[in-house]
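Single-structure report; data block below.
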Amino acid sequence: MREKINEKVSVVTVFSAKRRAAAPYVVSWQNKEYKVGEIGYHHTIKDGEVLHHIYELADKESTLWMRLNFDTSTMQWTLEAVSDGLAS
Amino acid sequence: MDLPVNYNRPLMMHIDLNSCFAIIEQQANPLIRHKPVAIAAYDTPRGAVIASSYEAKAKGIKLGLNVRDARLIDKNVIVLMPDPPKYRDAHKRFKKVLLNYTNEIRPKSIDEFEIDFSGSHAVQRDISLTDIGYQIKQDIKREIGSYVTVNIGIGPNRFLAKTAAGLHKPDGLDVINGDNLLEIYKRLELIDLCGINTRYQARLNVAGIHTPLDFLGAKAEYLQKQVFKSRVGLDWYLRLRGYEVDSRIFARKSYGHQYALGDKTTDRQKLSRLLMKLCEKTGRRLRANGYSAVGIHLWLNFANRQYWAKGKNTKSEMYATGDIYLQAQKLLNQAIIPTKVTNIGVTVFGLQTCSPEQQELFSGSRLDKKALARAADIVNDKYGEFTLVPATMAGMQDIILDRIAFGSIKNN
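Chains as they are written, first to last, in the numbering used here: chain C, 19 to 106; chain H, 352 to 763.
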């Protein structure tokens, strides 16, 4: 089931010089750390002039999907939604 | 006229992203892959399914079904609301991949492209289009995601390329040429041909045409004068043989928006508020592309399946949202509303480019509506959509959501 969260979260990111790309590596939410597994999709959206990076990813154990929003104007991460991959 | 089948080398390619919205969601969320997924306009029981994954289609969850029925078919179906910015991003990546091969690409919808390879480098170097097709499949996996698959069809014209793309779903690649055309038509029904719906099929049946082979065998004069009674018959005669008749690009003639009401109503005030938002969305796109309009059309659908529609040419040009709304509201005032309204739509037509611009009498003064509209657009561009809105639209942020139109898309 997909659930809206909209909470600020701590995220460790990694920048790969080879791939010229940065991506979340660990997400800390509700006192638990989730190592990032597959990043399913990454795209950007603009809200006015503010660029947001949207990452949709699964944790390493493939038990939780997260949608993260990185606001480039405030440099803050928001966990927008989570899902266990099951129907509601 | 008696033309043979076109035996020229097939150089038209049609690419179609399989179950587009659903597969992009499955790409984005690895936990829902290989599961029935339905994308619905709203995830409420009466929300309509607008796309479903192959797993959902296999269970009978198809387009147009509502969410409640989809859940009755399979209680484990995962229902998601659409995410238009993500699909537009995938469309851009899809296009970027294809532009590596040739500039002659034409988007047919958010998930379909036509590519004309005639004169391309690949053809000059005598590279097989089938090889290019397999390469494109790999490139799309790299650019959009490993779970994403496409159907590719290759044919001597757009029609046969699209027909080929539909032969083996998902992840197919088929070629239709002069040599296998009859064989392919033997396996198809009339309704399988792109552009033939049930009513066209009935018209063909009445004319004694029951299969694609009958259709192919019909004389041009018969199709033109007896069956279709217009030029359309000749187009079908050529199209079926692999000659190009669908290359014309139609310019944009209108801008519009429509909305399916979640809360169906007969309340004219509520309808006016919705109309204002539709006019604002229409106006934003109209102005962003440098147009004004001199015609407007308003339509309403009702719960009893009837509809009301009216259009008119406006004496003055419409540019600002207020101009559009004023004319739309005048039309709405004339509407007869017998029962609850289910859908409302507004379209402006008679587009005129704003450059060079006809100066208004009050240009530069506080009565200059164009300057005010432009200033409001600048604020919304900078701080986000609907930051500055007409008072009628206050508190409507979550009503009339961003959507992707079905069918043909234009760059603007």
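No residue lacks a Cβ here, since even glycine has one placed at the ideal position from N, Cα and C.
Cut-off 6 Å between Cβ atoms - residues of its own chain near residue i, not counting five sequence neighbours on either side
i, result
"S403 (chain H)", "A373, A389 and I412"
"H71 (chain C)", "T62 and F88"
"K64 (chain C)", "none"
"G584 (chain H)", "L574, Q575 and V578"
"H442 (chain H)", "I461"
"L533 (chain H)", "none"
Limits of the unbroken alpha helix (DSSP H) element including residue i
i, result
"M627 (chain H)", "R619 to A639"
"Y498 (chain H)", "Here Y498 (chain H) belongs to no alpha helix (DSSP H), and DSSP marks it neither H nor E."
"G673 (chain H)", "T672 to Q685"
"E494 (chain H)", "L480 to E494"
"F468 (chain H)", "Counting along the chain, F468 (chain H) falls outside any alpha helix (DSSP H), and DSSP gives it neither H nor E."
"Q609 (chain H)", "No alpha helix (DSSP H) holds Q609 (chain H); the beta strand (DSSP E) holding it covers S605 to T616."
"G568 (chain H)", "P563 to G568"
"T514 (chain H)", "R509 to A516"
Neighbourhood of residue i by C-beta distance below 7 Å, restricted to the same chain and skipping five residues each side
i, result
"F33 (chain C)", "A40"
"A99 (chain C)", "R20, E21, K22, I23 and R85"
CB-CB length for residue i against residue j, believed under 8 Å
i, j, result
"I401 (chain H)", "Y438 (chain H)", "At roughly 11 Å, the Cβ-Cβ gap does not stay under 8 Å, so I401 (chain H) and Y438 (chain H) are not in contact."
"K492 (chain H)", "I429 (chain H)", "Incorrect: roughly 23 Å between the Cβ atoms, too far for contact."
"L683 (chain H)", "S623 (chain H)", "7 Å"
"Q678 (chain H)", "T698 (chain H)", "Q678 (chain H) to T698 (chain H), Cβ: 11 Å. No contact."
"L362 (chain H)", "V501 (chain H)", "With 8 Å as the limit, L362 (chain H) and V501 (chain H) do not qualify as a contact, their Cβ atoms being about 19 Å apart."
"G66 (chain C)", "K733 (chain H)", "5 Å"
"I560 (chain H)", "A569 (chain H)", "6 Å"
"R38 (chain C)", "S101 (chain C)", "No, R38 (chain C) and S101 (chain C) are not in contact; Cβ-Cβ is about 29 Å, not under 8 Å."
"I675 (chain H)", "C705 (chain H)", "Contact doesn't hold; Cβ gap of about 14 Å is too wide."
Best match in the options for proximity to residue i [C-alpha to C-alpha]
i, options, result
"Q377 (chain H)", "H:Q575, H:E406 and H:T690", "H:E406"
"D425 (chain H)", "C:Y73, C:A99 and C:L104", "C:L104"
"T453 (chain H)", "H:H472, H:F464, H:P435 and H:E463", "H:H472"
"P381 (chain H)", "C:T90, C:M93 and C:R85", "C:R85"
"R422 (chain H)", "H:K408, H:D434 and H:P435", "H:K408"
"A602 (chain H)", "H:M669, H:Q703, H:K520 and H:K720", "H:Q703"
"R635 (chain H)", "H:L723, H:L564, H:R599 and H:G568", "H:L723"
"T819 (chain H)", "H:C371, H:D420, H:L518 and H:I375", "Because chain H in this structure spans residues 352 to 763, residue 819 (chain H) falls outside the shown range and cannot be described."
"E540 (chain H)", "H:A553, H:I729 and H:N528", "H:A553"
"D597 (chain H)", "H:D522, H:E465 and H:F700", "H:E465"
"V44 (chain C)", "C:K50, C:V54, C:R37 and C:R38", "C:V54"
"W681 (chain H)", "H:Y610, H:N655, H:G646 and H:G701", "In the sequence under discussion, the amino acid at residue 681 (chain H) is Lys, which differs from the Trp named in the question. Answer by Cα proximity: H:G646."
"L450 (chain H)", "H:I487, H:Q475, H:Q685 and H:M432", "H:I487"
"L651 (chain H)", "H:K513, H:M432 and H:K615", "H:K615"
Close Cβ partners of residue i (< 8 Å) along its chain, the five nearest in sequence each way excluded
i, result
"T481 (chain H)", "I505, L524 and V526"
"F653 (chain H)", "W659, I688, P689, T690, K691, V692 and T693"
"R725 (chain H)", "R638"
First and last residue of the uninterrupted beta strand (DSSP E) at residue i
i, result
"R457 (chain H)", "I456 to S460"
"P42 (chain C)", "A39 to W47"
"V388 (chain H)", "V388 to A391"
"F653 (chain H)", "Y642 to F653"
"A402 (chain H)", "V400 to S403"
"Q94 (chain C)", "Q94 to S101"
DSSP-derived helix/strand/coil call for residue i
i, result
"L739 (chain H)", "coil"
"N548 (chain H)", "coil"
"L723 (chain H)", "helix"
"Q378 (chain H)", "helix"
"Q657 (chain H)", "coil"
"R397 (chain H)", "coil"
"A373 (chain H)", "helix"
"Y594 (chain H)", "coil"
Neighbour list for residue i in chain D, Cβ cutoff strictly below 7 Å
i, result
"Y43 (chain C)", "Any reference to chain D falls outside this structure, whose protein chains are C and H."
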